[in-house]
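**Student:** Following this message is one structure expressed as structure tokens.
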Amino acid sequence: MRFDTRLIHARQAPDPATGAVVPPIHLATTFAQSAPNRSKGFVYSRSGNPTRAVLEATLADLESGRRGLAFASGLGALTTLLESVPSGRRIVAVDDLYGGTRRLFEHHRQQFGVEVEYRDLSDLAAAREVLRRPAHLVYVESPTNPLLKLVDLAAIARLGHAAGARIVVDNTFATPALQRPLELGADIVLHSMTKYLGGHSDVVGGALVLARDDDAERLAWLQNAVGAVPSPFDCFLVLRGLHTLGVRMRAHEASAAAVVEVVRRSRKVRAVHYPGTGGRAEAALVRRQMSGRGGIVSIEVDGGGRGARRFLRRLRVFTLAESLGAVESLVDHPASMTHASIPRAVRLRHGVTDGLVRLSCGIEDPADLAEDVAQALRSV
Ligand SMILES: *Cc1c(COP(=O)(O)O)cnc(C)c1O
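Quick note, the numbering used here runs 1099 ahead of the 1-based positions in the sequence shown.
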């Protein structure tokens, strides 16, 4: 079956007991046993829950993995993954990362003696150099947050595997509707389901999808041992969101295209960051590994922090808020909001300037979004 059909039907057959076409929300924390240690597959709701099981099977199907695991948040998924990294081992991470991801890496570096190196892995020469030494994990976002850089996932998978590493891709920005890293050679996909998968700004969640059975077994064990699991109701909300992921991603992209049109022509914008606009090699990479470019556009506004603040104040349709990937358009000032936990010098070195603004284009009428950005830019 094709992707849009799988979004609705994969692992979601009508409930065998009642015929309900939507999976029931099973709130029970425990399940009756017919004899000691004899269950129908569910024992205790942290260890396994029927509603969560439907979501996890759906995620595995959509990302072409062996197993999906759902967590209480994206960082809950990452915390559980990092529990599998022994002290003294090395993580090689892309340098442009979600702020909370970097914060957690730094915590593990200081607290548990894990070695972490950040590199611009969109530059394959730099990747080759940093992966000459063995690594335990290679950790990549593509597109990156907030600069929308692209990493050649197939090439990184080859280099990382040669260094003995598992390849982890945070696929939050692209979603499996536009990019499936496991099909390109990655081992583990991570999601903040809070963003596009949920899609409506009403649920916090995270996920891991594993390509290898040994990783699946180890991480399922850790999911239960650590216990950062989502509630059955939250699992239901993500399942509900997933049904429309295909149509939503197409609408997000149409909105982003309308906004890119405006910002590229504006003299008030110094730089536009959007997948595939960084030259011919990047456009070719988009064609190779993505089936769309997504709904996030970052721009560098003239006048630095002051210019950005004026622009943000004038926007009417875009709401100033953290988060992204929902039906309503949101705008973020990374330097003072999502990426404020990164030291200023580090942030500037990686190009996250005070004038940078990240637009999460929603599914309103694209013409209204384009007009909103155009009128706000006039005030800069
Ligand atoms: C939001 C986000 C996270 C963290 O997820 P939470 O659900 O907020 O814990 C991780 N990676 C990316 C790319 C994100 O946007």
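We put the beta carbon where it would ideally sit given N, CA and C, even for glycine.
Does the segment 1217–1227 come close enough to the segment 1244–1260 that 3 or more CB-CB pairs lie under 8 Å?
**Tutor:** yes
**Student:** By the DSSP assignment, the alpha helix (DSSP H) with I1107 in it spans what residues?
**Tutor:** Sequence index remark: in the sequence shown, residue 1107 carries index 8 (1-based). Taken as a continuous stretch (DSSP letters only), the alpha helix (DSSP H) holding I1107 covers F1102 to H1108.
**Student:** Hey, would you say the C-beta of G1304 is under 8 Å away from at least one heavy atom of ligand 1?
**Tutor:** The residue labelled residue 1304 in the question sits at position 205 within the sequence shown. Using a cutoff of 8 Å, the CB of G1304 counts as near ligand 1, since one of the ligand's heavy atoms is closer than that.
**Student:** So does T1271 have its beta carbon nearer than 8 Å to some heavy atom of ligand 1?
**Tutor:** Within the sequence shown, the letter at position 172 stands for residue 1271. Result yes, Cβ under 8 Å from ligand 1.
**Student:** Could you tell me the boundaries of the beta strand (DSSP E) in which G1377 lies?
**Tutor:** Here the question's residue 1377 lines up with position 278 in the sequence shown. From DSSP, G1377 is part of no beta strand (DSSP E); its letter is neither H nor E.
**Student:** Just to confirm, is the Cβ distance from A1400 to V1325 under 9 Å?
**Tutor:** Stepping through the sequence shown from its first residue, residue 1400 is reached at position 301. Stepping through the sequence shown from its first residue, residue 1325 is reached at position 226. The question names Ala, yet the displayed sequence has Val at residue 1400. Not a contact, by the Cβ cut-off of 9 Å.
**Student:** How many Å lie between P1135 and A1127 at the Cα?
**Tutor:** Counted from its first residue, the sequence shown places residue 1135 at position 36. Counted from its first residue, the sequence shown places residue 1127 at position 28. Rounded to the nearest angstrom, the two C-alpha atoms are 19 Å apart.
**Student:** Can you have a look at E1228 and say buried or exposed, based on whether 16 or more other CB atoms are within 10 angstroms of its CB?
**Tutor:** Locating residue 1228 in the sequence shown gives position 129, counting from the first residue. Burial call: exposed.
**Student:** Counting Cβ pairs closer than 8 Å, one from the segment 1157–1167 and one from the segment 1272–1291, do we hit at least three?
**Tutor:** yes
**Student:** State yes or no: is the C-beta of V1328 within less than 9 Å of the C-beta of N1148?
**Tutor:** Here residue 1328 refers to the residue found at position 229 of the sequence shown. Here residue 1148 refers to the residue found at position 49 of the sequence shown. Closer than 9 Å, so yes.
**Student:** Do you know whose CA, among L1249, A1357 and N1244, lies nearest V1385's CA?
**Tutor:** Counting from 1 along the sequence shown, the entry for residue 1385 is found at position 286. When the alpha-carbon of V1385 is set against those of L1249, A1357 and N1244, the nearest one is in L1249.
**Student:** If you draw a straight line from the alpha carbon of H1299 to that of R1232, how long is it in whole angstroms?
**Tutor:** To locate residue 1299, count along the sequence shown from 1; it is residue 200. To locate residue 1232, count along the sequence shown from 1; it is residue 133. Approximately 42 Å between the Cα atoms of the pair.
**Student:** Per DSSP, Y1217 forms a beta bridge with which residues?
**Tutor:** Residue mapping note: residue 1217 aligns to position 118 of the sequence shown, counting from 1. Looking at the DSSP assignment, Y1217 forms a beta bridge with A1192.
**Student:** By a C-beta neighbour count over all protein chains shown, 10 Å radius and 16 as the cutoff for buried, is G1167 buried or exposed?
**Tutor:** The count along the sequence shown starts at 1 and reaches residue 1167 at position 68. The residue in question, G1167, is buried, as its Cβ has 16 or more Cβ neighbours within 10 Å.
**Student:** Taking R1347 as the reference, which of H1432, V1153 and V1426 has the closest Cα?
**Tutor:** Residue mapping note: residue 1347 aligns to position 248 of the sequence shown, counting from 1. The option with the nearest alpha carbon to R1347 is V1426.
**Student:** Excluding the 5 residues preceding and the 5 following L1476 in the sequence, name in chain order all residues of the same chain whose CB lies nearer than 8 Å to its CB.
**Tutor:** Taking the sequence shown and counting its residues from 1, the one referred to as residue 1476 is at position 377. So the list reads V1361, V1362, S1365, K1367, V1368, V1400 and F1410, once near-sequence residues are dropped.
**Student:** How about C1460 and A1355: do their beta carbons lie closer than 9 Å?
**Tutor:** Here residue 1460 corresponds to residue number 361 of the sequence shown, with the count starting at 1. Here residue 1355 corresponds to residue number 256 of the sequence shown, with the count starting at 1. Yes, the Cβ-Cβ distance between C1460 and A1355 is below 9 Å.
**Student:** Tell me whether E1182 counts as near ligand 1, meaning its Cβ is closer than 8 Å to at least one heavy atom of that ligand.
**Tutor:** By one-based count along the sequence shown, residue 1182 stands at place 83. E1182: no, Cβ never under 8 Å from ligand 1.
**Student:** Can you give, in chain order, each stretch of the beta strand (DSSP E) that sits fully within the segment 1285–1312 and has at least 3 residues?
**Tutor:** 1287–1291 and 1305–1309
**Student:** Just tell me which of L1154, V1479, S1186 and V1239 has its CA closest to the CA of L1296.
**Tutor:** Numbered from its first residue, the sequence shown carries residue 1296 at position 197. Among L1154, V1479, S1186 and V1239, the Cα nearest to that of L1296 belongs to L1154.
**Student:** What residue from G1198, L1177 and R1145 has the CA that sits closest to L1246's CA?
**Tutor:** In the sequence shown, residue 1246 corresponds to position 147, counting from 1. Selected option, being the one with the closest Cα: G1198.
**Student:** According to the neighbour-count rule (16 or more other Cβ atoms, all chains shown, within 10 Å of its Cβ), is F1332 buried or exposed?
**Tutor:** In the sequence shown, counting from the first residue as 1, residue 1332 sits at position 233. Exposed, because fewer than 16 other Cβ atoms sit within 10 Å of the Cβ of F1332.
**Student:** Can you check which of these residues, L1181, F1130 and S1186, is closest to R1202 by C-alpha distance?
**Tutor:** As a first step, residue 1202 is located in the sequence shown; it is residue number 103 there, counting from the start. From the listed residues L1181, F1130 and S1186, the smallest Cα separation to R1202 is found for L1181.
**Student:** Please give the ranges of any beta strand (DSSP E) in the segment 1311–1375, keeping only runs that are unbroken, at least 3 residues long and fully inside the region.
**Tutor:** 1368–1372
**Student:** Ordered along the chain, which non-local residues of its own chain (more than five positions away) have a Cβ less than 6 Å from that of F1204?
**Tutor:** Along the sequence shown, one-based indexing puts residue 1204 at 105. Closer than 6 Å at Cβ, skipping near neighbours: V1215.
**Student:** State the Cα-Cα distance for the pair V1479 and P1433, rounded to the nearest angstrom.
**Tutor:** The residue you call residue 1479 lines up with position 380 of the sequence shown. The residue you call residue 1433 lines up with position 334 of the sequence shown. Each residue's Cα considered, the two are about 18 Å apart.
**Student:** If I measure Cβ to Cβ from A1420 and keep anything under 6 Å in the same chain, skipping five residues before and after, which residues do I get?
**Tutor:** Start at 1 with the first residue of the sequence shown, and residue 1420 comes out as number 321. Excluding positions up to five away in sequence, the list reads L1429.
**Student:** Mapping the DSSP letters down to three states, classify R1409 as helix, strand or coil.
**Tutor:** The residue you call residue 1409 lines up with position 310 of the sequence shown. Shown here, R1409 sits in a helix according to DSSP, grouped into three states.
**Student:** Among T1243, I1398, G1391 and T1178, whose alpha-carbon lies nearest the alpha-carbon of G1304?
**Tutor:** Residue 1304 sits at position 205 when you count from the first residue of the sequence shown. Minimum Cα distance to G1304 is reached at T1178.
**Student:** Do T1200 and L1236 come within 9 Å of each other at the CB atom, strictly closer than that value?
**Tutor:** Numbered from its first residue, the sequence shown carries residue 1236 at position 137. Numbered from its first residue, the sequence shown carries residue 1200 at position 101. For L1236 and T1200, no; Cβs fall outside 9 Å.
**Student:** May I ask which residues mark the beginning and end of the alpha helix (DSSP H) holding R1415?
**Tutor:** Residue numbering aside, residue 1415 sits at position 316 when the sequence shown is read from its first letter. That residue, R1415, is in no alpha helix (DSSP H); it is neither H nor E in DSSP.
**Student:** My parser needs the alpha helix (DSSP H) runs of 4 or more residues fully inside the segment 1390–1473; what are they?
**Tutor:** For the segment 1390–1473, whole alpha helix (DSSP H) runs of length 4 or above, ordered along the chain, are 1403–1413 and 1443–1448.
**Student:** Relative to the alpha-carbon of G1284, which residue among A1119, V1359, I1266 and H1342 has its alpha-carbon at the smallest distance?
**Tutor:** Residue numbering aside, residue 1284 sits at position 185 when the sequence shown is read from its first letter. It is I1266.
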